[in-house]
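Undergrad:
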Amino acid sequence: MATKKKDNRAPVGLVCSVCKSFNYITEFNKMNETQKKQQGEDPTFPLKKFCPKCNKRTEHKLAKKLK
Ligand SMILES: [Zn+2]
Numbered sequence: 607m608a609t610k611k612k613d614n615r616a617p618v619g620l621v622c623s624v625c626k627s628f629n630y631i632t633e634f635n636k637m638n639e640t641q642k643k644q645q646g647e648d649p650t651f652p653l654k655k656f657c658p659k660c661n662k663r664t665e666h667k668l669a670k671k672l673k
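With the numbering used here, the residue at position 1 of the sequence shown is 607, and numbering never jumps.
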């Protein structure tokens, strides 16, 4: 069967940059980011996401550690 390849995805948290609340868990693909940088595209993060605490869309930053 298929062998599990070591990929570059890592689970990361997204934190609201306004109220610092931990709102989302997503998968971060390092390869994608590197490629985007090389192609001069905008990085994925920070992301505009809805924050229930702020009750509006705010910028969400990567949290270093998952809680
Ligand atoms: Zn917020």
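Just so it is clear, CB atoms sit at the ideal spot from N, CA and C, and this is done for glycine as well.
Since we're looking at a predicted model, the values are computed, not measured.
Looking at ligand 1, does it come within less than 7 Å of V624, judged from the CB to the closest heavy atom?
TA: V624: yes, Cβ under 7 Å from ligand 1.
Undergrad: Of all the options F651, N614 and N629, which has the alpha carbon lying nearest to the alpha carbon of C660?
TA: Closest by alpha carbon: N629.
Undergrad: How far does the beta strand (DSSP E) with N629 in it extend, from its first residue to its last?
TA: Per DSSP, N629 belongs to the beta strand (DSSP E) from F628 to N635.
Undergrad: How many angstroms separate the CA atom of E665 from the CA atom of P649?
TA: Each residue's alpha carbon lies about 13 Å from the other.
Undergrad: For C657 and R663, I'd like the C-alpha separation in whole angstroms.
TA: So the alpha carbons of these two residues sit roughly 6 Å apart.
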